[in-house]
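Number of protein chains: 2
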Amino acid sequence: MQTITSLEELRQARQSLPVPLGLVPTMGYLHAGHLSLVRAARRECASVVVSIFVNPTQFGPQEDLDRYPRDLPRDLSLLAAEGVDLVWVPTPQIMYPPGYQTWVTVEQIAAPLEGAMRPGHFRGVATVVAKLFNAVQPQRAYFGQKDAQQALVIRRLVADLNFPIQVVVCPTVREADGLAMSSRNVYLNPEERKAATVLYRALTAAQAAYQAGQRNADHLRQVMEAILKAEPLARPQYVSCARLDDLQEWQGEVSGAALLSLAVFIGQTRLIDNLVVGGEL
Amino acid sequence: MQTITSLEELRQARQSLPVPLGLVPTMGYLHAGHLSLVRAARRECASVVVSIFVNPTQFGPQEDLDRYPRDLPRDLSLLAAEGVDLVWVPTPQIMYPPGYQTWVTVEQIAAPLEGAMRPGHFRGVATVVAKLFNAVQPQRAYFGQKDAQQALVIRRLVADLNFPIQVVVCPTVREADGLAMSSRNVYLNPEERKAATVLYRALTAAQAAYQAGQRNADHLRQVMEAILKAEPLARPQYVSCARLDDLQEWQGEVSGAALLSLAVFIGQTRLIDNLVVGGEL
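Protein chains in written order, with the numbering used here: chain A, 52 to 332; chain B, 52 to 332.
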């Protein structure tokens, strides 16, 4: 497995990698969710590139960029064990050198939910993903459903800017108690870690109501809100039942695919999770 | 020479074109300036693709999108004679289908001059060029110096978004009397056509002053303004002596490469032109 920092070396190394090439973009501190993406890429592609880059432009000024967890040696050892061909670990200086001034923005699909709570977040995501795509030139790129809106934003980016890339969205990987894998779970103390299962409990309760025939969007949101309310450590930021195609909130009757999603502070840690009902991502 | 409309056929055809591939993006109604780009691409590349697309997103609401001149049969015949391999002629519907919502913006370098006079223009340019680059995947792309700020914006776009593409800027091609070739010259009536030489006359006068040792930026701008003032049909929009690297106006002494540039209405027709002194684009 090659580990490369500079863009020039990456381009050089890229030449000898067989296609189709699968790219798994990550911010490192890898968990089983990331590894499931790597395995999907390994199954489906002739070569696999993983990028590790904690992208500063997708963090807000009050967010956790500085304390975002990092452990490169561990990441590299995990990726080597998965048979990854190349890991690209650019520096912020390489990605955003002095004079950097170009931004990619996706509009409507990036506006609600995470986009509303984290202004500029998806501009940072779309920009860095466009850069990764141009640098690595993959045929396929792998993203987790846990960041469902991000996956939709990137699908739109790929379609709109004519990237010749297939976006593959893989299922959310969860702990035994349902908590979605996230690098940010490391922030949770033991008490918060227990409380954090409330996200999945709320989502599965709404999913169960949907499966039992409940189609009223307000009711589905209320099912989630009631469960969140019962957890004293949880401070919900949003609770959404949105159309899967454009992420606009369902009003009245849910008559098509829906993304049930939520963002919840558990103590100081902001967690997100989602489930899709009536369709798939 | 293949002429293709759909993105899918383009991608298919692209596979069998040898590299390096040169792309010449145009809005059609080709003149000798365009053909010089095609010839440069033909000399330097194993295959040449020309795109013809009057990009609606780079025109302002009050601009000349609807009456922009078009003559596809003539364009195709000119390109076939130059040995072009493939011409891509997408429709607006192909480039901007319903639901389109992704934009590429370049900031500082796109802000002054044309960017200040034509809000949104360079967002349209950067976006369509990113789309053309992803669709055609050239190794080199050819642009004319006549649109000098556009060339600088695209160089910045390519560097910032990691496009593996060399941007080649070719010299402005001029009529015998110095008027820069432009598809918009067709708008000029005979009297305006004569008056239109004032742009080049103003630029060459400032260039001569520079070459004679004049380094005061205000003076160089005044040389151009005086010549424009003597032409009754000319209404100058801007007259600039800017740093070539960032397009900020030189203040006081010109101590490095400068872009002398201007935008002038001749009757209802807006023309631009430029010369570089003390360096090159």
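Cβ coordinates follow ideal geometry from the N, Cα and C atoms, glycine included.
Applying a beta-carbon distance threshold of less than 9 Å, which residues of chain A neighbour residue i?
| i | result |
| --- | --- |
| Ala192 of chain B | Chain A residues near Ala192 of chain B: none, gap ~13 Å exceeds 9 Å. |
| Thr156 of chain B | Gln152, Thr153, Trp154, Val155, Thr156 |
| Gln159 of chain B | Gly150, Gln152 |
How long is the line joining the alpha carbons of residue i and residue j, rounded to whole angstroms?
| i | j | result |
| --- | --- | --- |
| Trp301 of chain A | Pro149 of chain B | 21 Å |
| Leu130 of chain B | Ala64 of chain A | 36 Å |
| Ala292 of chain A | Gln262 of chain A | Checking the displayed sequence, the identity of residue 292 of chain A turns out to be Cys instead of Ala. Taking the straight line joining both Cα atoms gives about 14 Å. |
| Val100 of chain A | His85 of chain A | 13 Å |
| Leu137 of chain A | Met146 of chain A | 18 Å |
| Leu164 of chain A | Asp324 of chain A | 12 Å |
| Gly175 of chain B | Glu282 of chain A | 49 Å |
| Leu186 of chain B | Ser57 of chain B | Correcting the residue identity first, residue 186 of chain B is Ala in this sequence and not Leu. Spanning the two alpha carbons is a distance of roughly 11 Å. |
| Tyr193 of chain B | Pro170 of chain B | 24 Å |
| Glu95 of chain B | Gly195 of chain B | 16 Å |
| Glu226 of chain B | Ile103 of chain B | 23 Å |
| Ala268 of chain B | Thr156 of chain B | 29 Å |
| Gly79 of chain B | Asn106 of chain B | 10 Å |
| Asp228 of chain B | Val274 of chain B | 20 Å |
| Ala210 of chain B | Leu74 of chain B | 17 Å |
| Ala161 of chain A | Leu322 of chain B | 38 Å |
| Glu304 of chain B | Leu295 of chain B | 14 Å |
| Val219 of chain B | Ala177 of chain B | 16 Å |
| Leu88 of chain A | Ala132 of chain B | 50 Å |
| Gly329 of chain A | Ala309 of chain A | 6 Å |
| Ala260 of chain A | Arg235 of chain A | 29 Å |
| Gln152 of chain B | Gln66 of chain B | 28 Å |
| Ala277 of chain A | Gln201 of chain A | 27 Å |
| Arg207 of chain B | Pro222 of chain B | 19 Å |
| Lys182 of chain B | Gln159 of chain B | 21 Å |
| Ala253 of chain A | Ala247 of chain A | 11 Å |
| Gly166 of chain B | Ile55 of chain A | 38 Å |
| Arg125 of chain B | Arg244 of chain B | 23 Å |
| Glu114 of chain B | Arg118 of chain A | 49 Å |
| Ser128 of chain A | Arg90 of chain A | 15 Å |
In this structure, what does DSSP give as the bridge partners for residue i?
| i | result |
| --- | --- |
| Leu310 of chain B | B:Ala293, B:Val327 |
| Val100 of chain A | A:Leu74, A:Leu137 |
| Pro287 of chain B | B:Val315 |
| Gln217 of chain A | A:Arg191 |
| Arg225 of chain A | A:Ala231 |
| Glu8 of chain B | Absent from the model: residue 8 of chain B. The displayed extent of chain B is 52 to 332, so no value can be given. |
| Leu322 of chain B | B:Val315 |
DSSP on residue i, reduced to helix/strand/coil?
| i | result |
| --- | --- |
| Ile317 of chain A | strand |
| Leu279 of chain A | helix |
| Leu203 of chain A | helix |
| Ala263 of chain A | coil |
| Val105 of chain B | coil |
| Val155 of chain B | strand |
| Thr54 of chain A | strand |
| Leu88 of chain A | helix |
| Leu164 of chain A | coil |
| Leu239 of chain A | coil |
| Leu68 of chain A | coil |
| Leu332 of chain A | coil |
| Thr248 of chain A | coil |
| Glu60 of chain A | helix |
| Glu95 of chain B | helix |
| Asp198 of chain B | helix |
| Gln144 of chain A | helix |
| Phe173 of chain A | helix |
| Gln258 of chain A | helix |
| Pro120 of chain B | coil |
What does residue i reach in chain B if we use C-beta pairs closer than 8 Å?
| i | result |
| --- | --- |
| Leu62 of chain A | The sequence given here places Arg at residue 62 of chain A; Leu does not occur at that position. The answer, in chain order, is Pro215. |
Whose Cβ in chain B lies nearer than 7 Å to the Cβ of residue i?
| i | result |
| --- | --- |
| Asn185 of chain A | Leu212, Asn213, Phe214, Pro215 |
| Arg207 of chain A | Gln152, Thr153 |
Could you tell me how far apart the beta carbons of residue i and residue j are, in whole angstroms, since I believe they sit closer than 8 Å?
| i | j | result |
| --- | --- | --- |
| Arg272 of chain B | Val290 of chain B | 5 Å |
| Pro76 of chain B | Gln190 of chain B | Actually they do not touch by this definition, with Cβ atoms about 14 Å apart. |
| Val180 of chain B | Met52 of chain B | So it is not a contact: roughly 23 Å between Cβ atoms. |
| Leu311 of chain B | Gln265 of chain B | About 12 Å; that fails the 8 Å criterion. |
| Leu116 of chain A | Val140 of chain A | Contact flag wrong, Cβ pair sits at about 17 Å. |
| Phe173 of chain B | Phe214 of chain B | Their Cβ separation, rounded to whole angstroms, is 16 Å, which puts Phe173 of chain B and Phe214 of chain B out of contact at 8 Å. |
| Lys197 of chain B | Ser233 of chain B | 7 Å |
| Gln288 of chain A | Ala314 of chain A | 4 Å |
| Ala92 of chain A | Val224 of chain A | With a Cβ gap of about 15 Å, Ala92 of chain A and Val224 of chain A do not count as contacting. |
| Leu284 of chain A | Glu242 of chain A | 7 Å |
By the criterion of Cβ-Cβ separation under 7 Å, what are the contact partners of residue i in chain A?
| i | result |
| --- | --- |
| Ala181 of chain B | Leu212 |
For a contact meaning CB atoms closer than 8 Å, what does residue i contact in chain A?
| i | result |
| --- | --- |
| Leu58 of chain B | Asn213 |
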